[in-house]
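What follows is a short report on a single structure.
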Amino acid sequence: MPSIEKQLILRVLEHFVRTGNASDGQVKVICLPADKSSVIEKTGADGRTILLDEYKLDGKVIWASYSTRSGTVYLSPRSAPRQPA
């Protein structure tokens, strides 16, 4: 992945982790349900799979990726681990 895309993802992730707000002034941001590692991006009649990478920031794990086709960052926070009963 080019470093510009990685920097874009990291900027959006930092904002999301620190504020809880999944938005950005330069790109579209879509927050997916927790624990998703892929998403189907539909463009007209076509669709393609976007695989999300795992990022760790401030003790939180978030799956994220950037689509150059739509200019969208996809985020999926990891749910809290379940405690044994």
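First residue of the sequence shown? That's 12 in this note's numbering, and the numbers climb one at a time after it.
Ideal Cβ placement from N, Cα and C applies to all residues, glycine included.
Bridge partner(s) assigned by DSSP for G58
Within the sequence shown, the letter at position 47 stands for residue 58. DSSP output for G58 lists K53 as bridge partner(s).
Nearest-angstrom Cα separation, counted from E65 out to R98
For the chain, the structure presents residues 12 to 96; residue 98 sits outside this window and is missing.
Starting from K71, follow its DSSP beta bridges and name the residues at the other end.
Here residue 71 corresponds to residue number 60 of the sequence shown, with the count starting at 1. Answer is L68, bridged to K71.
Could you check the C-alpha separation between I15 and V38 for me, to the nearest Å?
Working through the sequence shown from its first residue, we reach residue 15 at position 4. Working through the sequence shown from its first residue, we reach residue 38 at position 27. Here the alpha carbons of V38 and I15 stand approximately 13 angstroms from one another.
Can you give the beta carbon distance from V40 to V23, rounded, assuming they're within the 8 angstroms contact cut?
On the sequence shown, residue 40 is found 29 positions in, with the first residue counted as 1. On the sequence shown, residue 23 is found 12 positions in, with the first residue counted as 1. 6 angstroms between Cβ atoms; contact.
When you compare only the Cα positions, how much space is there between T83 and G70?
Working through the sequence shown from its first residue, we reach residue 83 at position 72. Working through the sequence shown from its first residue, we reach residue 70 at position 59. Whole-angstrom Cα-Cα distance: 24 angstroms.
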